[in-house]
Amino acid sequence: MALVLHAGNMNKNVFKALVAAEYSGVEVKLVQNFEMGVSNKTPEFLEMNPIGKVPVLETPEGSVFESNAIARYVTRSKADNPLFGSTLIDSARIEQWIDFSTMEVDANIAKWLYPRFGYAVYLPPVEEAAIASLKRALGALSAHLASNTYLVGHSVTLADIIMTCNLYSGFCRFMTKSFTSEFPHVERYFWTMVNQPNFKKILGEVKQAETVPPLASKKPAAQPRETKPKAKAEPKKETKKEAEKQPAKAEAAEEEEAPKPKPKNPLDLLPPSKMVLDDWKRLYSNTKTNFREVAIKGFWDMYDPEGYSLWFCDYKYNEENTVSFVTMNKVGGFLQRMDLARKYAFGKMLVIGAEPPFKVKGLWLFSGQQIPQFVLDECYDMELYEWKKVDITDETQKERVDIRGNPYGLLAAHPLAPLVSLHHLDYVQPIFPGMTQIESLKKLTTAYEMDPSRALQQSFCYNLKRPRNSKRRFQRSNRGNHGKTDPSRLTPDPCARPVTYFLDHAESVDGDRIRTRYARHVEDLKATNKGIRHILNLVL
Ligand SMILES: N[C@@H](CCC(=O)N[C@@H](CS)C(=O)NCC(=O)O)C(=O)O
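Per my numbering, the sequence shown starts with residue 377, numbered consecutively.
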């Protein structure tokens, strides 16, 4: 009995066995009338492969699934097959390259490719990581092939067959010339292999991809294979010979099933906004210095309150945030899940706190006046946060929007939240006027070391036009009754705005008291005195 291969479409997994069969002179027939989504669901098929995937090889001794195992079986069907090497070390190295090709090449090709074809969720960091890992693998492969024609020894082995079939997916679908030219020895190897007669018979003419496929979101997701309409042009393969005629075409057909048009997102039906979200994202990412002057100013210049809304979010269960990396992961996961809204949203999350429990807060910009319904429906984390629309007529709230450039608004609005991490210190302006970021941070930590729970309270002080009141507030808070400074007194009118005092010096007095000196900051004073004008001593 000949070996019978059950396979739906011609693809690299099927090619492995067929090319190995060519090299080995072993006969492998393709099963007749195989219909993907039907034939692989039958009890007989599931007997052969319990998860119903193809290819499956039927042998006189029983069935085998997994394409590498099938190719090994086909190869071993021929006694002393040189495809398996003739020494122990060669056989081990053949296995080594088969595993490398599977885990380092094929797996990363799949991670890059599947989301682009709509078979998996597209997440930019996942794609980036897959490309980086693939490049690492191809770099190592290219280095090896710089002084070797084949992976092992001086002739084709099963390692070359499996590696070439795996590379085939990448070369044909998205590894363009500009990508592969970084790996010249891989290129030379691949084109040499696919032009070998035994490969050519099965793969046909191979053509390198000219573009990377656009994201599946732009190209509506393909239907699951089981529900694909039948009676496509693809004829059933009956024998290996028929497969030879149009294998590569068949694979392409598999990817090109006509997708159903996706229903329009209601947000796309909103009146067009003059604010272009991508322009803001670009400005945000490209601004590395003077964030306040460039990006924040740019944001408010382009912000369209009719087309977009801003939202603060506060995690509802901060008491559960007792382990820092778990908290970070939770926020990271939330951001990943929010990727579904990337076309309609922009968000920034913060984890705040010196010690657990950590506070999680964020700021989001959404298209429209409400949080989009599909985000609420599809991202379960949304209900874990308290959402509050930013009132942009309220200067205090506007200041909080400004965390990346000037952290002052957010910090001062939360005087009871001790500061642990300012993400991207390089992106925020120095907290204290006239100082570098590092000097500012050192200054802030002097207050923090004196009394962690009120570091910020001791670092900024609003409304000290009436220092006696403020002094009284600090005195109260020192007895454990945390008084708050009152940022809501900020007004849009600069003349009516209170003067702000920044921590100038903090020292311990008599062991249990803290003497703090504050310097008055006047916004528009020029260089020489760097905005520090007025010294005020408070003894708390
Ligand atoms: N690791 C398997 C992968 C097999 C596989 O993913 N087969 C796909 C077709 S290429 C399949 O049968 N998909 C159907 C399904 O997922 O139900 C192998 O190398 O054979």
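Beta carbons are placed, not taken as given, at the ideal position from N, Cα and C, and that holds for glycine.
Can you tell me the Cβ-Cβ gap for Phe550 and Arg492, rounded? I've got them flagged as a contact below 8 Å. By one-based count along the sequence shown, residue 550 stands at place 174. By one-based count along the sequence shown, residue 492 stands at place 116. With a Cβ gap of about 7 Å, Phe550 and Arg492 count as contacting.
Mind checking whether the beta-carbon of Glu954 lies closer than 6 Å to any heavy atom of ligand 1? Nothing can be reported for residue 954: it is not among the residues displayed for the chain, which extend from 377 to 916.
With hydrogens ignored, establish whether the beta-carbon of Val528 is closer than 6 Å to any heavy atom of ligand 1. As a first step, residue 528 is located in the sequence shown; it is residue number 152 there, counting from the start. Not so, every heavy atom of ligand 1 lies at least 6 Å from the Cβ.
Can you tell me where the alpha helix (DSSP H) with Tyr449 in it begins and where it stops? Residue mapping note: residue 449 aligns to position 73 of the sequence shown, counting from 1. Where Tyr449 is concerned, the enclosing alpha helix (DSSP H) stretches over Ser443 to Arg452.
Closest to Leu643 by C-alpha separation, out of Ile578, Lys719 and Asp655, would be which residue? Here residue 643 is taken as the residue at index 267 of the sequence shown, counted from 1. With distances taken between Cα atoms, Leu643 lies closest to Lys719.
I'd like to confirm the pairing. Which residues does DSSP put opposite Gly738 in its beta bridges? Within the sequence shown, numbered from 1, the residue matching residue 738 stands at position 362. Paired residue(s): Cys689 and Met725.
Could you check which residue in Ser453, Lys487, Val766 and Asn694 has the C-alpha nearest to that of Pro436? As a position in the sequence shown, residue 436 is number 60, starting the count at 1. Closest by alpha carbon: Ser453.
Thr812 by DSSP, collapsed to three states: which one? Here residue 812 refers to the residue found at position 436 when the sequence shown is read from its first residue. Correct three-state label for Thr812: coil.
Can you have a look at Val440 and say buried or exposed, based on whether 16 or more other CB atoms are within 10 angstroms of its CB? Against the sequence shown, residue 440 aligns to sequence position 64. Val440 should be labelled buried.
Touching or not, the region 386-398 and the region 534-552, by the rule of three or more beta carbon pairs under 8 Å? yes
For Lys429, is the beta carbon positioned less than 6 Å from some heavy atom of ligand 1? Against the sequence shown, residue 429 aligns to sequence position 53. Checking the Cβ of Lys429 against ligand 1 gives yes.
Give me the Cα-Cα distance between Arg469 and Asp715, rounded to the nearest whole angstrom. As a first step, residue 469 must be located in the sequence shown, where it is residue number 93. As a first step, residue 715 must be located in the sequence shown, where it is residue number 339. Answer to the nearest angstrom: the Cα atoms are 42 Å apart.
Inter-residue spacing [alpha-carbon to alpha-carbon] between Met704 and Asn694: Looking up residue 704 in the sequence shown gives position 328. Looking up residue 694 in the sequence shown gives position 318. Rounded to the nearest angstrom, the two C-alpha atoms are 12 Å apart.
Alpha carbon of Trp656 to alpha carbon of Lys577, nearest angstrom: For the purposes of this step, residue 656 is identified with residue 280 of the sequence shown, where counting begins at 1. For the purposes of this step, residue 577 is identified with residue 201 of the sequence shown, where counting begins at 1. Rounded to the nearest angstrom, the two C-alpha atoms are 53 Å apart.
Express the C-alpha separation of Glu696 and Ser685 in angstroms, rounding to a whole number. Against the sequence shown, residue 685 aligns to sequence position 309. Against the sequence shown, residue 696 aligns to sequence position 320. Approximately 29 Å between the Cα atoms of the pair.
Between the Cα of Ala522 and the Cα atoms of Leu499, Leu394, Glu403 and Phe559, which residue gives the shortest distance? For the purposes of this step, residue 522 is taken as residue 146 along the sequence shown, with counting starting at 1. Residue Phe559 is the option with its Cα nearest to Ala522.
Assumed close pair Ala486, Ala447 - CB separation to whole angstroms, cut-off 8 Å: Sequence index remark: in the sequence shown, residue 486 carries index 110 (1-based). Sequence index remark: in the sequence shown, residue 447 carries index 71 (1-based). No, Ala486 and Ala447 are not in contact; Cβ-Cβ is about 18 Å, not under 8 Å.
Could you tell me whether the Cβ atoms of Phe688 and Leu646 are closer together than 7 Å? As a first step, residue 688 must be located in the sequence shown, where it is residue number 312. As a first step, residue 646 must be located in the sequence shown, where it is residue number 270. Not in contact: Phe688 and Leu646 (Cβ atoms no closer than 7 Å).
I want to check one thing, is the minimum distance from the CB of Asn542 to the heavy atoms of ligand 1 below 6 Å? Indexing the sequence shown from 1 puts residue 542 at position 166. No, ligand 1 has no heavy atom inside 6 Å of this Cβ.
Option in Gln745, Lys692, Ile728 and Val766 with minimal Cα separation from Met758: Working through the sequence shown from its first residue, we reach residue 758 at position 382. It is Lys692.
Closest by C-alpha distance to Met479, when choosing among Pro419, Tyr490 and Ser509: By one-based count along the sequence shown, residue 479 stands at place 103. The residue with the shortest Cα to Cα distance from Met479 is Ser509.
Taking Cβ positions, are Asp690 and Met651 nearer each other than 7 Å? As a working mapping, residue 690 is identified with position 314 in the sequence shown. As a working mapping, residue 651 is identified with position 275 in the sequence shown. No. Outside cutoff.
State yes or no: is the C-beta of Asn387 nearer than 6 Å to some heavy atom of ligand 1? The residue given as residue 387 occupies position 11 in the sequence shown. Yes, ligand 1 has a heavy atom inside 6 Å of this Cβ.
In this structure, does DSSP put Glu764 in helix, strand or coil? Position 388 of the sequence shown, counted from the start, is the residue given in the question as residue 764. Sequence inspection shows Lys at residue 764; the Glu mentioned does not correspond to that position. Three-state result, Lys764: strand.
State the Cα-Cα distance for the pair Gln773 and Asn666, rounded to the nearest angstrom. Against the sequence shown, residue 773 aligns to sequence position 397. Against the sequence shown, residue 666 aligns to sequence position 290. Computed Cα separation, rounded: 21 Å.
Can you give me the start and stop residues for the alpha helix (DSSP H) that His530 sits inside? Here residue 530 refers to the residue found at position 154 of the sequence shown. Careful: His530 lies outside any alpha helix (DSSP H) and carries neither H nor E.
Using the rule of at least 16 other Cβ atoms within 10 Å of the residue's Cβ for burial, across every protein chain shown, is His382 buried or exposed? Taking the first residue of the sequence shown as position 1, residue 382 is located at position 6. His382 is buried by the Cβ-count criterion.
In this structure, does DSSP put Glu756 in helix, strand or coil? Reading the sequence shown from its first residue, position 380 is the one you call residue 756. In the sequence on display, residue 756 carries Tyr and not Glu. Reduced to three states, the DSSP call for Tyr756 is helix.
Quickly, what does DSSP pair Ala435 with across the bridge? List them, please. Locating residue 435 in the sequence shown gives position 59, counting from the first residue. The residue you asked about is not Ala; residue 435 is Thr in the sequence shown. BP columns for Thr435 point to Gly438.
Considering only their Cβ atoms, is the gap separating Gly428 from Asn444 smaller than 7 Å? The count along the sequence shown starts at 1 and reaches residue 444 at position 68. The count along the sequence shown starts at 1 and reaches residue 428 at position 52. Not closer than 7 Å, so no.
Measure the beta-carbon distance from Thr698 to Pro733 and round it to whole angstroms, keeping in mind my assumption that it falls under 8 Å. Within the sequence shown, residue 698 is the residue found at index 322, counting from 1. Within the sequence shown, residue 733 is the residue found at index 357, counting from 1. 6 Å between Cβ atoms; contact.
Using 7 Å as the threshold, is the C-beta distance between Leu726 and Lys737 below it? Position 350 of the sequence shown, counted from the start, is the residue given in the question as residue 726. Position 361 of the sequence shown, counted from the start, is the residue given in the question as residue 737. Yes, Cβ-Cβ distance for Leu726 and Lys737 is below 7 Å.
Would Leu951 and Thr533 qualify as a contact pair, given that the criterion is a beta-carbon distance under 7 Å? Not covered by the structure: residue 951. The range shown for the chain is 377 to 916.
Does the Cβ of Ser864 have 16 or more other Cβ atoms within 10 Å, making it buried, or fewer, making it exposed? Taking the sequence shown and counting its residues from 1, one reaches residue 864 at position 488. Unreliable placement is indicated for Ser864, whose pLDDT of 35 sits below 50; the coordinate value is still reported in the next sentence. Burial call: exposed.
Could you spell out where the beta strand (DSSP E) holding Lys405 opens and where it closes? Indexing the sequence shown from 1 puts residue 405 at position 29. From DSSP, the beta strand (DSSP E) with Lys405 extends over Val404 to Leu406.
Alpha helix (DSSP H) segment containing Leu381, residue limits: Residue mapping note: residue 381 aligns to position 5 of the sequence shown, counting from 1. Per DSSP, Leu381 belongs to no alpha helix (DSSP H); it is in the beta strand (DSSP E), Leu379 to His382.
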